[in-house]
Each structure stands twice: as C-alpha cells, then as structure tokens.
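The structure under discussion appears below in the form of structure tokens.
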Amino acid sequence: MLDVCIVGAGPVGGVLACRLAQAGMSVAVIDRAALPPMEHPGFDGRAYAIAAGSRPLLDAAGIWDKLPLKAGPIEQIRVSDGRVGRPASPLFLHFDHQDLGGRPLGWMVEARSLRVALNARLNAGAGLSVYAPARAEVSRGRQSAEVLLDDGTLLKARLVIAAEGRDSPLRRQAGLTAARWDYPQSGIVCAIAHERPHRNIALEHFLPAGPFAQLPMAAGEAGENLSAIVWTESNAMAPRLMALDDEAFGAALAVRLGGHLGAVRPVGRRWIYPLSAMYVHRMVAERLAVVGDAAHGIHPIAGQGLNLGLRDGLALAGLLIEAHAAGEDVGSAALLARYQRGRRLDHVSMLLATDGLDRLFSTNNPLVRAARDIGLGGVQRLPRLKRFFMQRAMGQAADQGGNMPVVAVS
Ligand SMILES: Cc1cc2nc3c(=O)[nH]c(=O)nc-3n(C[C@H](O)[C@H](O)[C@H](O)COP(=O)(O)OP(=O)(O)OC[C@H]3O[C@@H](n4cnc5c(N)ncnc54)[C@H](O)[C@@H]3O)c2cc1C
C-alpha cells in the first residue's frame, strides 16, 4: 500500500511528490503527458515569479539546487498607475528588498528550467514511482483508494491528491463544486531582450485594459538582458496583438513598457491565456485532497497562482510528513479537515485581493483613478504599511498560518 498517489505532475503535484518522497514516504505520480528525464527544451518565453515564501518547499523537495538555469532575483518592485503612451502617475509604490534585510523578494525561474529539474528528480527519486503518460481511474473507500491505470496497473494508496490543474476531473468526480467566473481579459505572456539592464527591478504598470508586468530574468545564454512580460488586454484586443509580426508587436509592447530599458525586441514564443477565477467550495473528500490550480483560480494580476499552489503543497506536506512520522493514517478525515481549514483564508484573501485589484485598476474613471493614486501614495509614505505589503508579496505570512498578498511579485 502506497502512502500517497498524486494525479497531475505539474509544478504543484511534481514538487509535492518530490517533497514527500524526500521525507521517506512512498509516492506514485501519474500524468497524462510524458515526463522525459533528460529533456532540455529551447527557450519558450515563459517564466514563473517564485515568491520568497515558496522557496523553502522547492529547497526541501531538492528542486531548487537542480534548476539547470540560473534564477533571476527580484530585488525591487515598482508599481505605477499609467496610461498607454503617457508618463506613469508620479504616485507609485516602490518596494526594495533592502527594507527587509536584503534578501530577494522573489526569483524569476524559466518554466523549462523548473520542468527539467522536476523531471530529473521525479525520475530518479527513491520512493517515487512515475506513470506517464497514463490515465487513471480512481475509486475511493473508507480505508484506502484504488487507482487503475490504462495499462492495467492497479495501485492502492492511503490518500489520492488531485493536482491536475484547473479542470481537475477528480475534483468533479468527487462532487467538489466550484464557482467560476471569466474576466473579459486575456493574458499575453512572452519574453523580451532589451538594451539596458533591468537591475533586478520588476515593474507592474496598471493600464486601463489591465496590468502590464515586466519581470527581470537572469541574462540569456549570449549575455543579453532579458525580462518576462505578463500583459493583460481586453479579449477583443489580445488576439489582434498576438497576430502582429515581431516588429509591430515589439512596438506595441514598448509603448506600454516605457523607455527605461532602451530598445526592446520580443524573443521566444508568445502565449495567450483566457483569464478566469475559481473558488472551490470544498478541497477534500474521503481519501482525497485537492491542491494547486485544481483547488483555486486567480487573476494573474499579482502572478501568485503557482505560489498559492506551492503554499498548498507546503501545508499538506507538513501535515502528511508529521502523520507519517507518527505512524498515523495519512489519509484520515481529521488530517484532511485540518488541511482544508489551514488553507481557506489564504485562498479567499488571494481571490478577493487579485479580483479587487483588477477591478480597481482596470478602469479609466477619473474619480477611481484619483482615489487609488492617493491610496498608492499613502502606502508609499507609511513604512510599516509598506513592510506589511512586502512581506505578504513574499508569501512570508504563509509560514505563520495566514497570508494575504495584495501587491505581489508578478
Ligand atoms: C498569464 C498567466 C501568467 C501566470 N504567471 C504566473 C507567475 O508569474 N507566477 C505564478 O506563481 N503563477 C503564475 N501563473 C499561474 C500558474 O501558471 C499556475 O498557477 C500553475 O501552473 C498551476 O500549477 P499546477 O501544477 O497546479 O497545475 P498545472 O500547471 O495545470 O499542471 C497540471 C498537470 O496535470 C496534468 N493533468 C491534467 N489532467 C490530467 C489527468 N486527467 N490525468 C493525469 N494528469 C493530468 C497535466 O498534464 C499537468 O502536468 C500564471 C497564469 C497565467 C494564466
């Protein structure tokens, strides 16, 4: 009998599997896609902002040291309220890591780098068995769960963890309902090379169509200055921008970015995501826990989706490792109830904060603009309030049981 069977080896399921195996638990991981151990794909333009509070899980899972590409530290964040083609509002927020002891506020990690490190650990980890590509049929009972794979393999585990992303079939089968709403916006994700160095400064520029973020990446293989871009646009405009050639796309991007990085040029692929939010009413059922995007969906305005999922992993891993060490049942109803109770506040507050920020900033209403500029200026002038926001942005309060990142590493 396995301790845990994780369905979905995305960043959340994959990291959690490595962490549990590292702690001596027996873990099976199943993904519908293949997880080749040595794959080193080319640069694809996608990167994650990993908040400082998520790093301990990646360290403990043995992933951080295995990242094949350098992570770029985020040392400062500038938040400004702007209009396309016009100078940003003089009232802006400036977060500096020096105000919190000099540790980076977070890191930019290329998506392919995280994937390579995860696949390497998953394929080599003692206590881990990987089934990919594979489909799983799960039946859950009072004492254990059975997982039947499409090649006929039958696995038995104390607990099944659903980590299959937003459309989680296991969440649906278990009758765990979710409220979902779509934003009239899409997220365009890409990377740019730029003339001047970014000095490890991230920029979150609030524009009427939605937030536009530039995030400092480590230098490219040829030493070029690189940044990731997360650009929110209306659903009408985003496909038109995606259809532009590189030169015209780069020009449209430069108008929104401003001139602080000198000449810019898009590199790698462009990606577009429809944006939606999701609130899952219950995250646990008999012998089942739901984590990551399967358990919540938030607007990427603060780039915290994966960080929220990693904090699910951190919380669940803590409970499971403790129960395993004490010889207790790792799939007990009491443990699952504790997991759900411990994660609820973080989920609700992130959902409300990201949704509220998007509504507050994605408008041209002059009264709302004036009010929020005064708000931004107020936070900037009050050092203790600023520290509070910074700590939340770094995901640090998660360690202390609650968390409400508001202006976050994007
Ligand atoms: C525009 C945009 C920008 C973003 N930027 C950031 C950012 O900067 N920082 C950040 O923290 N987050 C960011 N996010 C959010 C982040 O991408 C997600 O939160 C994160 O990928 C969720 O990870 P996950 O492992 O829960 O799910 P997923 O990444 O969706 O992984 C799910 C895994 O499950 C597998 N799977 C699916 N169905 C099945 C099945 N039936 N059986 C077996 N396996 C299955 C899939 O193959 C996949 O491997 C962004 C999101 C968007 C849309």
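In the numbering used here, the protein residues as written are 43 to 452.
Where a beta carbon is used, it is the ideal one built from N, C-alpha and C, also for glycine.
- Under the DSSP assignment, MET320 falls in the beta strand (DSSP E) whose first and last residues are 306–322.
- Each of ALA221, ALA235 and ARG241 was checked against the Cα of VAL390, and the nearest Cα belongs to ALA221.
- Taking every protein chain shown into account, the CB of MET325 has 16 or more other CB atoms within 10 angstroms, so this residue is buried.
- Around GLY87, the same chain offers CYS232, ALA233, GLY310 and ARG311 as residues with beta carbons nearer than 6 Å, after the five sequence neighbours per side are excluded.
- For VAL46, the shortest C-beta to heavy atom distance toward ligand 1 is 7 Å or greater.
- With a cut-off of 7 Å, the C-beta of LEU348 is classified as near ligand 1, since at least one heavy atom of the ligand falls inside that distance.
- In this structure HIS338 is buried. Its beta-carbon is surrounded by 16 or more other beta-carbon atoms within 10 angstroms.
- In this structure, the straight-line span from the alpha carbon of TRP149 to that of PRO115 is close to 4 Å.
- Of the residues PRO253, ALA216 and CYS60, the one whose Cα lies closest to the Cα of GLY124 is PRO253.
- For THR396, the enclosing alpha helix (DSSP H) begins and ends at 375–403.
- Residue pairing of VAL189 in beta bridges, as defined by DSSP: VAL180 and LEU197.
- Nearest Cα to LEU170 within the set LEU58, GLY143 and LEU190: LEU58.
- Assigned with DSSP and collapsed to three states, SER68 falls in coil, not helix or strand.
- In this structure, the CA atom of PHE291 is about 33 Å from the CA atom of GLU206.
- Cβ-Cβ separation between VAL202 and VAL180: approximately 6 Å, consistent with a contact (criterion under 8 Å).
- When distances are taken from the beta-carbon of GLY194 to the heavy atoms of ligand 1, even the shortest one reaches 7 Å or more.
- In the three-state reduction of the DSSP assignment, PRO226 falls in the strand class.
- Among the bridge pairs identified by DSSP, ASP138 is matched with GLN118.
- Taken through DSSP and simplified to helix, strand or coil, GLU263 comes out as coil.
- HIS341 sits buried, since 16 or more C-beta atoms from the chains shown fall within 10 Å of its C-beta.
- In chain order, GLY304 and ALA305 place their CB closer than 6 Å to the CB of GLU237, counting only its own chain and leaving out the 5 sequence neighbours on each side.
- Annotation for ARG213: ALA204, VAL332 and ALA336 place their beta carbon closer than 6 Å to its own, counting only its chain and skipping 5 residues before and after.
- Distances from the CB of PRO83 to the heavy atoms of ligand 1 are all 7 Å or more.
- For GLN256, the enclosing beta strand (DSSP E) starts and ends at 252–258.
- The Cβ-Cβ distance between ARG177 and LEU164 does not fall below 8 Å.
- The beta carbon of PRO79 sits closer than 7 Å to the beta carbons of ASN161, ALA162 and ASN165 from its chain, once the five residues preceding and following it are set aside; these are given in chain order.
- Per the coordinates, the alpha-carbon of ALA251 lies some 15 Å from the alpha-carbon of MET284.
- Relative to the Cα of GLY144, the nearest Cα in the group ASP388, THR274 and ASN242 belongs to ASN242.
- Contact between the segment 60–67 and the segment 357–371 is established, with three or more Cβ pairs separated by less than 8 Å.
- TRP106 and ARG61 have their alpha carbons spaced roughly 12 Å apart.
- DSSP, read as helix, strand or coil, puts ASP335 in helix.
- For LEU147, DSSP assigns no beta-bridge partner whatsoever.
- With contacts defined as CB atoms closer than 8 Å, TYR225 and ASP400 qualify as a contacting pair.
- One Cα belongs to LEU378, the other to GLY384, and the distance between them is close to 10 Å.
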